[in-house]
Amino acid sequence: MAVFSILDLSPIVKGGTAALALNNTRDLAQHAERWGYRRFWVAEHHNMTGIASAATSLVIQHIAAGTSTIRVGAGGIMLPNHAPLVIAEQFGTLAALYPGRIDLGLGRAPGTDQRTARALRRHLGDSGESFPRDVLELQSYFQPAQPQQAVRAVPGAGLDVPIWLLGSSLFSAQLAAELGLPFAFASHFAPAYMQSAIELYRTRFKPSAALNRPYVTIGVNLFAADDDATAKRLFTSLQQQFLNLVRGMPGQLSPPVDSMDSLWAPDEKSHIERSLACSAVGSPQTVAAQLRAIRDRTGADELMLTALIHDHAARLHSFEIAAQLREQC
């Protein structure tokens, strides 16, 4: 049986509010728990008027407080934006409140544009150089505290907070392999290096205290509906969102349209279709076949499903359909 999890961006729809988005995210997590999803992650993005999960640890607390068994975590925290000790304290607090349920996925991108990254960090460094060092420092704060240890994460020291590395290129795949950590690839928006990254990770993986064998999760856009036409129409909300990003005009999530033909130019269409190639869109039968094909191609241990669907009821229905397909995938 396939292992399915959910990545949610707490989408703020046109005409909606951040409060509505955050409550919809918790509602989706509650349904996901009942439907048997393994984990529920939210992602750190900043200065995005269509995404409500910027204060990621607070959103995780909101979700964890409304659920009881599903794992909840970050997919991910953009570590260069933060001091490792701060993240250790935040996720140590979450793990103390919700033991055995908190995941910490780490990325090295800013999760925003360069101007906002500067506002977050004040001084921008080379994340390629600092990220591995920061990951090791963060790991050290979750180890049992030593008698003469000068700086401790309280809470945090000695707590079980699994760390994942996230990426859309080969960098994090290689680092995850070197450190023996689980790896999640952002194929739902950047699939170009997916196969190469997975192969590199598996080939170079070194067993660690955290993990004795490679473990790969890949992101997949999910737009499931009762029939193919309805699903394809729902998918246009995500296509419009990417079109706005390509044009440098990110905004709130638009309602679906009957056709994208009049909205994008041929080069924009080609670029967006490449970016969203790792997607399952259609009826239950269509989606089952697409998810099986993705698993067969990648050998992924887990599929992290995500769906920027404008209507919350349709979004719930999409994830319910997928949950019913696990045995077929």
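Residue numbers for the sequence shown follow my numbering, beginning at 117 and rising by one.
All residues carry an ideal CB built from backbone N, CA and C; glycine is no exception.
All values reported here derive from a predicted model rather than from experimental measurement.
Residues of its chain near residue i, where Cβ-Cβ distance is below 7 Å and the 5 sequence neighbours each way are ignored
i, result
"A148", "I122, F156, I186, F435"
"R142", "H178, I179, G182"
"S359", "Per the sequence shown, residue 359 should be read as Leu rather than Ser. Only L379, W380, E384, I388 meet the Cβ criterion."
"P248", "L291"
"A266", "none"
"S126", "A137, L138, T141, V158, I167, A168, S169, V175"
"T352", "P372, V373, M376"
"L350", "F339, A341, P372, I425, A430"
Span of the beta strand (DSSP E), counted from its first residue to its last, around residue i
i, result
"F120", "120-124"
"E418", "418-422"
"F156", "155-158"
"R187", "187-194"
Residues near residue i in its chain [Cβ-Cβ closer than 8 Å; skip 5 each side]
i, result
"A180", "V188, L210, L213, Y214, R217, I218"
"V336", "S303, H304, C394, S395, A396, L407, I410, L419, M420, L421, T422"
Start and end residues, alpha helix (DSSP H) containing residue i
i, result
"D383", "382-391"
"I218", "Here I218 belongs to no alpha helix (DSSP H); instead the beta strand (DSSP E) covers 218-223."
"R80", "This structure leaves residue 80 out entirely; the chain is present only between 117 and 445."
"V175", "172-181"
"S67", "Any question about residue 67 goes unanswered here, given that the chain covers just 117 to 445."
"V403", "400-414"
"Q206", "200-213"
"I128", "Neither: I128 is in no alpha helix (DSSP H) and is coded neither H nor E."
"Q262", "Premise fails: Q262 is in no alpha helix (DSSP H) and is neither H nor E."
"H147", "134-151"
"E436", "428-440"
Burial state of residue i (16 or more Cβ within 10 Å)
i, result
"G152", "exposed"
"N140", "buried"
"V202", "exposed"
"P323", "exposed"
"S378", "exposed"
"G191", "buried"
"G415", "exposed"
"A137", "buried"
"L252", "exposed"
"R150", "exposed"
"G364", "exposed"
"S312", "exposed"
"G131", "exposed"
"N328", "exposed"
6 Å Cβ shell around residue i - same chain, five flanking residues per side excluded
i, result
"E443", "M117"
"V119", "R154, E418"
"S288", "L281"
"Q356", "S370"
"S160", "Here residue 160 turns out to be Glu, not Ser, going by the sequence shown. Hits under 6 Å: T172, I193, M194, G227."
"T402", "D344"
"L432", "H147"
"S285", "Y309"
"G223", "G192, M194, L282"
"P200", "D250, E253, L254"
"P278", "D219"
Closer than 8 Å to chain D by CB, residue i
i, result
"R411", "Absent from the structure: chain D. Only one protein chain is present."
Check: residue i C-beta below 7 Å from any heavy atom of the ligand COA
i, result
"D383", "Looking at this structure, you won't find the ligand COA or any other ligand, since it has none at all."
ask   = Fully enclosed by the segment 282-344, which alpha helix (DSSP H) runs are 4 residues long or longer?
value = Fully enclosed alpha helix (DSSP H) runs of 4 or longer: 286-295, 310-320.
ask   = For the 8 Å Cβ check, are there 3 or more pairs between the segment 200-214 and the segment 269-289?
value = A contact exists between the segment 200-214 and the segment 269-289.
inquiry  = Pairs of beta-carbons, one from the segment 367-378 and one from the segment 158-168, closer than 8 Å: are there three or more?
reply    = Verdict: yes, contact present.
key: Cβ pair count under 8 Å reaching 3, the segment 394-410 against the segment 323-340   = Taking 8 Å as the limit for Cβ pairs, the verdict is that the segment 323-340 does touch the segment 394-410.
task = Flag this pair as touching only if the segment 314-321 and the segment 345-365 have three or more C-beta atom pairs under 8 Å; answer yes or no.
result = The segment 314-321 and the segment 345-365 do not touch, with fewer than 3 CB-CB distances between them shorter than 8 Å.
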